[in-house]
Amino acid sequence: MIAGFEAALRDALTGKVPDQFRFNDTTAPQLLDETSTICLLLARARRRAGLRDELFDRFATPALTLEDACPDEPSCEMPLALASPSLRRCLIAICAAMLDADYGATELCQGKLVVDIWSRTVGSMALKHFIQDRLACSSTLKRKLEAARHRNEKLDRILSLRNASNTYKSLFKSAV
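In my numbering, the protein residues as written are 4 to 179.
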């Protein structure tokens, strides 16, 4: 499946329109821009290394990387071009899981979607700018990212309420 995604990227480099069943409403330049932006934003997400590592751990299988982990950090300038072969395979697998409807391996442990973890990793402002870029972000990816943003906001509200409830309970326990 990764080889198929790489082939779609090579075809997009020559200007061939991507398969509309796999990449609905996506032009060749959009597929290339989406892929490079996903990798670039992921590489720049140094503050949230734990979330980023969760994505890499999911896709760093011995079949892709010849070991159980991605051995190096992605370059912040040109992640795909400067990555080692094993890291490049991980990055392409992450992009394929987000962009290619045929990929199938989009869920992570505990039911988390790749797009949800990626959007949490890159941060809200970077995600907002990416969604607003109509030349780089297809309407299909935009819908996926907006849905991920809403799911993440809901999760954040639930976690905030749990923390507030636990704080409230601990205040009463210490007062007694």
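Ideal Cβ positions, reconstructed from N, Cα and C, are used throughout, including at glycine.
Test item: CB-CB of residue i and residue j under 7 Å
i    : j    : result
C42  : P88  : no
L35  : I97  : no
S173 : R152 : no
F133 : T40  : yes
T124 : L54  : yes
Per-residue DSSP class, three states only, for residue i
i    : result
L85  : helix
L162 : helix
L116 : strand
Y106 : coil
P21  : coil
R49  : coil
S141 : coil
E80  : coil
T38  : helix
N27  : coil
Exposed unless 16 or more other CB atoms sit within 10 angstroms - verdict on residue i
i    : result
V159 : For clarity, residue 159 is Asp in the given sequence; the question names Val instead. Per the 10 Å Cβ criterion, exposed.
D28  : exposed
A11  : buried
Range covered by the alpha helix (DSSP H) that runs through residue i
i    : result
E76  : From DSSP, E76 is part of no alpha helix (DSSP H); its letter is neither H nor E.
M128 : 127-135
E9   : 5-16
Nearest-angstrom beta carbon gap, residue j and residue i [assumed within contact, 8 Å]
i   : j   : result
A46 : C79 : 5 Å
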